[in-house]
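In the working numbering, the protein residues as written are 2 to 152.
Note that the Cβ used here is the ideal one computed from N, Cα and C, for glycine as well.
Data first, discussion second: the structure below is written as structure tokens.
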Amino acid sequence: MSPVDLNALMMNIEETLAQAYQLKGDLATAKIYSERADARRGAIRRLMWNGEGRFFADYLWREGRRADVLTAATVFPLISASPRRTKPAPSPRRCERSSSAPAASGTTLYATGQQWDRPNGWAPMQYLAVEGLKRYGESELARQIADRWMR
């Protein structure tokens with residue numbers, strides 16, 4: 002499996018390294034990391050984007066398909082890259098639907114009784130969802146999720 006959250010974080014690290022090497026004046030290394038980030042961004046869009054559901058999902062590389070399971074990992078591309086470079090954006094309504102549990106934004110939509118499944122949430126994911134939605138201009142939905150989490 003290729004997790005969307007891990008790939009989004011790696012893309013962010015590659016972008017950060019590209020910027021750091023550029024500031025240092027090492028343009029050749031900056032270009033390498035910038036190209037890696039661009040390639041990863043393309044792979045995330047191509048392999049992990051569910052256009053119909055408008056959310057990112059893990060990629061099951063052995064099976065050659067997306068997992069197409071909506072989890073809190075969906076928010077990582079929102080926070081790990083600039084909005085202008087990560088389009089298409091996840092559906093705010095999809096985020097809203099997944100956030101209707103008492104925990105604001107459940108880690109999954111499944112009520113299995115397991116630690117992080119619905120209705121439970123995980124504080125770092127709440128933060129990422131709120132900040133990511135704000136970056137995409139969804140301040141009201143971000144505020145609602147934050148308010149529910151704090152209650």
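In the DSSP annotation of this structure, the continuous segment of the alpha helix (DSSP H) that includes S35 starts and ends at L28 to M49.
Where L79 is concerned, the enclosing alpha helix (DSSP H) starts and stops at F77 to S81. Residue state for L134 is assigned as helix, using DSSP reduced to three classes. Only exposed fits G26, as fewer than 16 other CB atoms lie within 10 angstroms of its CB. Here DSSP, grouped into helix, strand and coil, assigns R67 to strand. L61 has R66 as its beta-bridge partners, per DSSP. Our two residues, M2 and A21, have alpha carbons roughly 30 Å apart in a direct line. Apart from sequence neighbours up to five positions away, the residues of its chain that approach V5 with a beta-carbon distance below 8 Å are I45, M49, F57, A58, D59, Y60, A74, T75, F77 and P78, ordered along the chain. For L129, same chain residues with a beta-carbon under 6 Å away, outside a window of 5 residues either side, are V76 and I80 in chain order.
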